[in-house]
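Protein chains in written order, with the working numbering: chain A, 776 to 1020; chain R, 776 to 1020. Quick reminder that beta carbons are idealized off the backbone N, C-alpha and C, glycines included.
2 protein chains.
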Amino acid sequence: MTADIIRSLKIDCSCCPIRHRAVCAKCDTDELDRLREIKSYRSCQAGQVITLRGERLDMVASIVSGTAMLSRSISDGRTQMIGLLLPSDFIGRPGRAEAPYDVTAVTDVTLCCFRRGAFEQLMQDMPHVQERLLEMSLDELDAARDWMLLLGRKTARERIASLLSLILQRANLPEDLGGKNARIELPITREAIANYLGLTIETVSRQLTALRRDGLISIEGARGVVISDMDALIAETGDDDTLTA
Amino acid sequence: MTADIIRSLKIDCSCCPIRHRAVCAKCDTDELDRLREIKSYRSCQAGQVITLRGERLDMVASIVSGTAMLSRSISDGRTQMIGLLLPSDFIGRPGRAEAPYDVTAVTDVTLCCFRRGAFEQLMQDMPHVQERLLEMSLDELDAARDWMLLLGRKTARERIASLLSLILQRANLPEDLGGKNARIELPITREAIANYLGLTIETVSRQLTALRRDGLISIEGARGVVISDMDALIAETGDDDTLTA
DNA sequence: CGCCGACTTGAGTCCCCTCAACAAGAGTGG
DNA sequence: CCACTCTTGTTGAGGGGACTCAAGTCGGCG
Chain A
776 MTADIIRSLK IDCSCCPIRH RAVCAKCDTD ELDRLREIKS YRSCQAGQVI
826 TLRGERLDMV ASIVSGTAML SRSISDGRTQ MIGLLLPSDF IGRPGRAEAP
876 YDVTAVTDVT LCCFRRGAFE QLMQDMPHVQ ERLLEMSLDE LDAARDWMLL
926 LGRKTARERI ASLLSLILQR ANLPEDLGGK NARIELPITR EAIANYLGLT
976 IETVSRQLTA LRRDGLISIE GARGVVISDM DALIAETGDD DTLTA
Chain R
776 MTADIIRSLK IDCSCCPIRH RAVCAKCDTD ELDRLREIKS YRSCQAGQVI
826 TLRGERLDMV ASIVSGTAML SRSISDGRTQ MIGLLLPSDF IGRPGRAEAP
876 YDVTAVTDVT LCCFRRGAFE QLMQDMPHVQ ERLLEMSLDE LDAARDWMLL
926 LGRKTARERI ASLLSLILQR ANLPEDLGGK NARIELPITR EAIANYLGLT
976 IETVSRQLTA LRRDGLISIE GARGVVISDM DALIAETGDD DTLTA
């Protein structure tokens, strides 16, 4: 995100790309003005650590552009990704001074930051912010719980298939949802995929080639994946297809 | 929970056992009056299904007494428990007509139910309810994400150790937290434990006997567990002990 | 006593992990 | 341009941890 764009956002929230999905989605113009007074922008490079678990954190923030990942890890190096943060997603927790997870920028990231104290005060006065934050939290809770099923019970092949169809669902326009040959770009490295799915990079790699051998997908370079048989892929996710529609 | 107690709760929320922890925790007496108008009580027997994923759900509810479990499953029978609901925990989601998960009573359960439409209206008018629901949702989100680390990365032995120390933390008074020979009662069957930890009942059983052979715990009957070496057990959880304190 | 459900224990198998070598780019510097 | 390195990803061989299938134990209850 260029410095020019950020400069104009500082003055006016109305052209913000996440205006209608972020924590401020329900705010009217008066409320936006109050938010504007306490906001500031921050850029992070790909790979940079945004917060560390246990560290003091006096900000909360929305992701304006880029992708970040939430993770937890054990001292021996095992790491589990706990969530993927896309534009409009929220970082930090009102009412808590310590960061509960590690947050790392996957791509270059632009943040819209609020001082935590001021934001908490604002939430009291502006129910629209609290409402939206509740909605967003409940959505994340659902997503986390869906992921628990994957981590606890699915096979490696099912996990890969689930990830691919998840990315397709998010990234692709509804027009060709049923169409063949939808192409997606994996937003993250193999290592990040492995950490997301609770697998190793080798297993991820092997399962991707297995799906390719079986004719469900084809692979273009390291990151590109073409879904050649969408229905078969969904069948491989292991999900009860009566509800995923 | 006896019918007598429920009868008195219908009239007066102030003696409700979850008055200070449930979604109504922050309400003043006026607000409680409004809640009282739309509430009703419901009892479920142990083992009974409270909601089914995908089913229409026109209520939301707080657990007044008993234990219930949240789970998701795949058509071939694999099941993953997604959360344990204890008194004061909340069931259902404002703004959504379909139950997102299966909820099953583990013990006999008493629910304090609200019609969903009326509850949603109330939330608009009473920020205290919304505030509390947000806090509770964020706590559950943290718990779900902690569990993702366990499901994605921990060994069977670590999972069992984690569960035991979790139960001990919740159930036990802080007085003898460091003390030896704390006794806990497993609140659920081996099958439920397995579903919670993403394991099979056989593996759960084997790991429990392994911990017994190694002198960390001893087992009394099917449900009783005595922690003989608390520090060693915590060391086995795999958690980074610098933060769990 | 005999049955039933919950739990334990054993034997064998398989899936995924570990360790290791190899391939394909992308920079870097001469 | 090439040699070199570093990173990222693929592939193979082997081992181990958890699962599957099956039998056995224990306690409760009619």
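| request: Taking 8 Å as the cut-off, decide whether the C-beta atoms of V839(R) and I793(R) are in contact. | output: yes
| One or two residues paired with M844(A) in a DSSP bridge | L859(A), T879(A)
| task | Can you pull the chain A residues whose beta carbon is under 8 Å from the beta carbon of Y816(R), in chain order? | result | Neighbours of Y816(R) on chain A: none; closest Cβ ~25 Å, over 8 Å.
| I813(R) vs F894(R) beta-carbon contact at 8 Å | yes
| task | At 7 Å on the CB atoms, spell out the chain R contacts of A919(A), in chain order. | result | L916, A919, R920, M923
| query | How would you call C799(A), buried or exposed, if buried means at least 16 neighbouring beta carbons within 10 angstroms? | reply | buried
| said: Quick check: is the beta carbon of I857(R) nearer than 8 Å to any beta carbon in chain A? | reply: yes
| field | Classification of S863(R) by the beta-carbon crowding that lies within 10 angstroms, buried from 16 upward | value | buried
| said: Which residue wins for smallest C-alpha separation from A997(A), given the options I1009(A), D1014(A), I968(A), T1012(A)? | reply: I968(A)
| query | Does the distance from the CB of L832(R) to the CB of A797(R) come in under 8 Å? | reply | no
| request: Report yes or no: do three or more beta-carbon pairs, one from the stretch 883-902 of chain A and one from the stretch 931-948 of chain A, lie closer than 8 Å? | output: no
| task | Leaving aside the five residues before and after G829(A) along the sequence, list all residues of the same chain whose C-beta is less than 8 Å from its C-beta, in chain order. | result | E873, A874
| Close-in-space but distant-in-sequence residues of the same chain around G973(R) (CB under 7 Å, 5 per side omitted) | Q855, L926
| request: Would you mind sorting G867(A) into buried or exposed? The rule is 16 or more other CB atoms within 10 Å of its CB. | output: buried
| Under 8 Å between the Cβ atoms of A836(A) and C791(A)? | no
| request: Taking the CB atoms as reference points, tell me whether V884(A) and M844(A) lie closer together than 8 Å. | output: no
| Is S912(A) closer than 8 Å to S993(R) when the C-beta atoms are compared? | no
| message | By DSSP's criteria, M834(A) is part of a beta bridge. Which residues make up the other side? | response | R890(A)
| field | Rounded straight-line distance, which links the Cα of Q820(R) to that of V979(R) | value | 26 Å
| field | Those runs of the alpha helix (DSSP H) which lie wholly inside the stretch 950-983 of chain R and span at least 4 residues | value | 965-972
| request: Report the residues of the stretch 881-893 of chain R with a CB closer than 7 Å to any CB of chain A, ordered along the chain. | output: none
| request: Reducing DSSP to helix, strand and coil, say where I793(R) ends up. | output: coil
| Taking any Cβ of chain R, which residues in the stretch 954-982 of chain A have a Cβ under 9 Å from it, in chain order? | N970, Y971, L972, G973, L974
| said: Could you compute how far the alpha carbon of A899(A) sits from the alpha carbon of Q905(A)? | reply: Note on residue identity: the sequence assigns Gln, not Ala, to residue 899(A). In a straight line, the C-alpha of Q899(A) is about 8 Å away from that of Q905(A).
| For C788(A), does the three-state DSSP call read helix, strand or coil? | helix
| According to DSSP, what are the bridge partners of V1001(R)? | R958(R), S993(R)
| request: Please list the partners that R868(R) has in chain A, where partner means a Cβ-to-Cβ separation under 7 Å. | output: L913
| said: Excluding the 5 residues flanking V1001(A) on each side, which residues of the same chain have their C-beta closer than 7 Å to its C-beta? | reply: N956, R958, I992, S993, E995
| Backbone CA spacing between R809(A) and M901(A) [nearest angstrom] | 10 Å
| message | Can you pull the chain A neighbours of Q823(R), defined as C-beta to C-beta under 7 Å? | response | Going along chain A, no residue has its Cβ under 7 Å from Q823(R), so there is no contact; the nearest lies around 21 Å.
| Reduced DSSP secondary structure (H/G/I, E/B, other) of S818(R) | strand
| said: Against chain R, with Cβ distances strictly below 8 Å, would S863(A) count as a contact? | reply: no
| request: Consider the Cβ of Q944(R): report whether some Cβ of chain A lies at a distance smaller than 8 Å. | output: no
| field | Nearest-angstrom Cα separation, counted from L886(A) out to Y816(A) | value | 6 Å
| Residue-chain proximity (R932(A), chain R), Cβ-Cβ < 8 Å | no
| said: For V824(A), list the residues DSSP reports as bridge partners. | reply: T879(A)
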